[in-house]
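Participant: In UniProt numbering, the protein residues as written are 1 to 323. Don't be surprised by glycine CBs; every beta carbon is placed ideally from N, CA and C. Encoded as structure tokens, here's the structure I'll be asking about.
Here it is in structure tokens:
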């Protein structure tokens, strides 16, 4: 396997990762318990929503003629079919009207152009209640829900706070207080503010400067610790900053992440491979690889859409999948 040093090798990470995801679509399929009160959301709706979120960005940040674009569009079509073109999400919303994850999953698909008017109407009714507005959530989650509301037309665009000061990142904390939970929180603040890498120049300048200063040592620490999932998320954040990526990414970062791939192209969330790998327990293997592999593809596509040494600027504007 070629260790990624240049743009072509970063592209290889994206190709390998999406190929792995495509070959394992069954792992993202909704099971019989998708609408069950005791169903495991983290094993059904969460993977499907993450698949849609990443693929929506891939279609936006690659040219229509790019094979990655075609593969991502096919995966989005698959995800939409799994929801029975939104009908299952509508039923889920009616079963759990104050749960936020149906709206968040729907918003990831709406980002690619898939719409279900009845779902949006039902969600808007609930979102207008005091109960919905007063649900207690951590600041990063609340920001994500507000952005999902914007994506679905429930809230007018521009009403989400431009600088979420209640979040860890928004407070510009002492950089030495960075740890794993803070890392995941900050990456998702960036993802929400940048519409998952689809909006240019969306970060407040002070947040962008803070990240440009401290992202390199944080990323280096995560790579040293074998925290591949968080490292991929930080690489995606680096690709959204207005500063050239070679100023914010350690020179060997992509080589180190690429070296964590197994022969299939998958990347484990943390550490090194153990046991019999995919052959030993396919379900467990999928659970510990799908997110980090998706986020590696996400980061690689954002990085190759904006090569090292070039500040953020216009990128490919491919259209999302048709509704």
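Pull up the distance between the alpha-carbon of residue 100 and that of residue 145, whole angstroms please.
Facilitator: For residue 100 and residue 145, the distance between alpha carbons rounds to 7 Å.
Participant: Report yes if the CB atom of residue 302 is closer than 8 Å to the CB atom of residue 51, and no otherwise.
Facilitator: no
Participant: Hey, could you find the ends of the alpha helix (DSSP H) residue 292 is sitting in?
Facilitator: Residues 290 to 305.
Participant: Suppose the cutoff is 8 Å on Cβ atoms and the five residues either side in sequence are ignored; what does the same chain contact list for residue 35 look like?
Facilitator: 88, 91, 92, 95
Participant: Tell me, to the nearest whole angstrom, how far the beta carbon of residue 197 is from that of residue 61; I am working on the premise that it is less than 8 Å.
Facilitator: 7 Å
Participant: Within 10 angstroms of its Cβ, does residue 233 collect 16 or more other Cβ (buried), or is it exposed?
Facilitator: buried
Participant: For residue 139, which residues in the same chain have their Cβ closer than 7 Å to its Cβ, ignoring the five residues on either side in sequence?
Facilitator: 164, 166, 167
Participant: Report buried or exposed for residue 284, applying the criterion of at least 16 other Cβ atoms within 10 angstroms of its Cβ.
Facilitator: Classification for residue 284: exposed.
Participant: For residue 261, name the three-state secondary structure that DSSP assigns.
Facilitator: Residue 261 falls in the strand class under three-state DSSP.
Participant: When you compare the stretch 199 to 211 with the stretch 266 to 282, are there three or more beta-carbon pairs, one atom per stretch, that lie closer than 8 Å?
Facilitator: In short, these stretches do not touch, since the Cβ pair count stays below three.
Participant: How many angstroms separate the CA atom of residue 129 from the CA atom of residue 153?
Facilitator: 16 Å
Participant: How big is the Cα-Cα spacing for residue 63 and residue 288?
Facilitator: 31 Å
Participant: Could you check if residue 109 is buried or exposed, using at least 16 other CB atoms within 10 Å of its CB as the buried criterion?
Facilitator: buried
Participant: So what does residue 267 bridge to, in DSSP terms?
Facilitator: 261
Participant: For residue 193, I'd like the list of residues in its chain whose CB is within less than 7 Å of its CB, leaving aside the five on either flank, ordered along the chain.
Facilitator: 202, 203
Participant: For residue 119, which residues of its own chain have a beta-carbon under 7 Å away from its beta-carbon, when the five flanking residues on both sides are left out?
Facilitator: 86, 89, 90, 93, 106
Participant: Can you tell me which of 149, 248, 74 puts its alpha carbon nearest to the alpha carbon of residue 19?
Facilitator: 74
Participant: CA-CA distance, residue 157 and residue 299?
Facilitator: 26 Å
Participant: Using DSSP with H/G/I as helix, E/B as strand and the rest coil, what is residue 86?
Facilitator: The answer is coil: DSSP assigns residue 86 none of H, G, I, E or B.
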